[in-house]
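What follows is a single structure, written as structure tokens, with notes after it.
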């Protein structure tokens, strides 16, 4: 467990990478069972890291056993360039041919590689900044369909966490409602579900209670400037912990 308590997104990343241990692992399991936002974060990072894993070429494992390793180690070493005494040759030969030395060394090297890979993946996966507001967009059936993250620098992104079907000849349009007087405002369009940077330049920054939703609209967006198609999912922004 880390000395400092992990944020929810850091905990979700560690859980997906299999690096959450002890109290962190127990906390992750509790949140998965009770917190829809944490469930969405886990699903999002599992899909993100799954995409990376899928780009790596497959390499069938070699049938390398300790016996073959010991046979390779037992091969006569090359003659040293400098002259040595028979006693020194005997000592060096027994040292390099000793499986008791190489076995722990090989295991330590393998463990170091695993820890290094996990650490690098965690650093890559960790976002440059934590969102200050988060909205989980849910369907009428209560499924989390997408997550909207709002950051302190004004960046707002939508991240789908499940496949969203788009009818042929239609697009998806993202809306926000910051006040009933102003009404819903279009902040993004996409022909298929993907991570999308939302445009809130003409609006104030998201705050707790702001509504986000996704609708199906004609190509080019809603012809009226207001949502016309069915609402696929929606959710209110809340302050990230």
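Numbering (the working numbering), first residue to last: 944 to 1184. Here a beta-carbon is modelled for each residue, glycine too, at the ideal position from N, C-alpha and C.
Distances from the CA of residue 1141 to each of 1110, 1098, 1161 and 1177 were compared; the closest alpha carbon is that of 1098. Just measuring C-alpha positions, the residue of 964, 971, 966 and 1091 sitting nearest residue 1149 is 1091.
Setting aside the 5 residues that flank it on each side, residue 957 is surrounded in the same chain by 949, 963, 967, 971 and 1065, each with a C-beta closer than 8 Å to its C-beta; the list follows chain order. When the Cα atoms are used, residue 1153 and residue 1111 turn out to be separated by approximately 30 Å. Judged by DSSP in its simplified three-state form, residue 976 adopts helix. In the displayed model, residue 1107 falls within coil according to three-state DSSP, outside both helix and strand. The continuous beta strand (DSSP E) containing residue 1093 extends over residues 1087 to 1093. Around residue 1106, the same chain offers no residue with a beta carbon nearer than 6 Å, after the five sequence neighbours per side are excluded. Per DSSP, reduced to three states, the secondary structure at residue 1116 is strand. Excluding its 5 nearest sequence neighbours in each direction, residue 1130 has C-beta neighbours in its own chain below 6 Å: 1117, 1119, 1141, 1142 and 1143, listed in chain order. In this structure, residue 1176 lies away from residue 1095, with their beta-carbon atoms at least 9 Å apart.
The residue among 1078, 1073 and 1162 with its C-alpha nearest the C-alpha of residue 982 is 1078. Looking at 1126, 1113 and 1125, the one whose alpha-carbon comes closest to that of residue 1134 is 1113.
Taking all protein chains in view, the Cβ of residue 1083 is surrounded by fewer than 16 other Cβ atoms within 10 Å, so the residue is classified as exposed.
From the listed residues 989, 1179, 990 and 1127, the smallest Cα separation to residue 1080 is found for 1179.
For residue 1078, DSSP records a beta bridge to 1091. Per DSSP, the continuous alpha helix (DSSP H) segment holding residue 951 begins and ends at 951 to 960. Contact between residue 1160 and residue 1172 holds, with the beta-carbon distance rounding to 5 Å and staying under 8 Å. Within 10 angstroms of the beta-carbon of residue 1121 lie 16 or more other beta-carbons, which makes it buried. Contact between residue 992 and residue 955 fails: their C-beta atoms lie close to 11 Å from each other, not under 8 Å. Apart from sequence neighbours up to five positions away, the residues of its chain that approach residue 1073 with a beta-carbon distance below 7 Å are 950, 952 and 1183, ordered along the chain.
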